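These protein sequence lines map, in sequence, to chains G and Z. The numbers in the working numbering rise by one with no breaks, and the one at position 140 of the first sequence is 140. The numbers in the working numbering rise by one with no breaks, and the one at position 64 of the second sequence is 64. Glycine included, every Cβ here is placed at the ideal spot set by N, Cα and C. All of these numbers come straight from a predicted model, not from anything done at the bench.
Protein chains: 2
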Amino acid sequence: MPLSLDALERRVAGSGHRITAPRRTLLGSMQQLGDHFTAEELAAAAPSVGRATVFRTLRLLQEIGTVCQVILDDGTLEYRLASGGHHHHVVCSACGAVDDFANADIEALLGALASLTGFTIEAHRLELYGRCARCTAPLAATETTAS
Amino acid sequence: MPLSLDALERRVAGSGHRITAPRRTLLGSMQQLGDHFTAEELAAAAPSVGRATVFRTLRLLQEIGTVCQVILDDGTLEYRLASGGHHHHVVCSACGAVDDFANADIEALLGALASLTGFTIEAHRLELYGRCARCTAPLAATETTAS
DNA sequence: ACCTGATTGACACGATGTCTCAGTTACGCT
DNA sequence: AGCGTAACTGAGACATCGTGTCAATCAGGT
Ligand SMILES: [Mn+2]
Ligand SMILES: [Mn+2]
Ligand SMILES: [Zn+2]
Ligand SMILES: [Zn+2]
């Protein structure tokens, strides 16, 4: 279950930004849109809010860690309310489901790789693509049936 | 040292596509542009080639693995001639240098993570951002001097 | 209540790519 | 060497996604 609207608003206020009607509207729409949504979907869901404000708000929420971007398989961008903290995404290429994940081993390994390249790593981007459990099972069934 | 123009052309022909003057021109420009370049830079470097063809060729070369995309820190896309095989990028956020890297441990770890999420992973995207050796040293010197 | 910087909406503009379509070209086949 | 045909190309309209400008409005501290 995601954060309540109140909690989201407190996060905006707490970061030193104002709580305005458009921002409230957008936060509400994001919750209703669910798991993940495009900027365009958000704009459509909140027609009373100007397009520019939709993008400005998405950027603001990203900066304060309330929203994160999901890069899909084909490179298109979606957004999603972030539970908080550093994490990555697993995206189902069949149904579009998105899950968060975080793993200390990966973080450690990435740090170690830094030295190999001579780079000092400051950030990274990692997205996994595949099939969710729900979308894997039917596929297996089909294959079995077909054989 | 990257592949010769001939080798690049053979790769296009070998993949069942035609070798045309525009494609030759673009391959040559890519080599001269060096390490990494934007689609716009490529178009500017090959003014005789239509914009649409620049993008079409970039896509074709990606499909046959001759060109890969680099996602920069700020999300902008660049392209680069690929040495071949699966790999990832380390990007210097100071000077823009790009290096390839590949690491079996990471690949294995990503596979293992799949099971935790219930997903069957088919692909992934990973980019590292930081400072190259050249850009790390001067920074350290500055800090030392300033103290 | 008042002040003032933060925020907004409308809309022009920019960046990055895609689509269409008529004309051209590479190249396998004879 | 000459043909036929599917692959390819350029021009330019169009699509998508996002940013910059600016006058009007608003939130929230005092
Ligand atoms: Mn990470
Ligand atoms: Mn990999
Ligand atoms: Zn799925
Ligand atoms: Zn550097």
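- Looking at the backbone, the Cα of residue 81(Z) and that of residue 65(Z) are separated by about 9 Å.
- The CB of residue 101(G) comes closer than 8 Å to the CB of 113, 116, 117 in chain Z, given here in chain order.
- In the three-state scheme derived from DSSP, where H, G and I count as helix and E and B as strand, residue 119(G) is classed as coil.
- Across the structure, residue 125(Z) and residue 88(Z) are spaced so that their CA atoms are roughly 8 Å apart.
- Per DSSP, the beta-bridge partners of residue 92(G) are 130(G).
- At least 9 Å separates the CB of residue 61(Z) from every CB of chain G.
- Contact annotation: residue 22(Z) and residue 76(Z) have beta-carbon atoms that are not nearer than 9 Å.
- Of the heavy atoms belonging to ligand 2, none sits nearer than 8 Å to the Cβ of residue 71(G).
- Rounded to whole angstroms, residue 111(Z) and residue 121(Z) show a C-alpha spacing of 7 Å.
- Residue 27(G) is outside the set of residues whose beta carbon lies under 9 Å from a beta carbon in chain Z.
- Taking a Cβ-Cβ cut-off of 9 Å, the neighbours of residue 93(G) in chain Z comprise 122, 123, given in sequence order.
- Listed by position along the chain, the residues with Cβ atoms less than 6 Å from a non-hydrogen atom of ligand 3 are 92(G), 94(G), 95(G), 97(G), 131(G), 132(G), 134(G), 135(G).
- Within its own chain, the residues whose Cβ lies closer than 6 Å to the Cβ of residue 127(G), once the five positions on either side in sequence are excluded, are 71, 89, listed in chain order.
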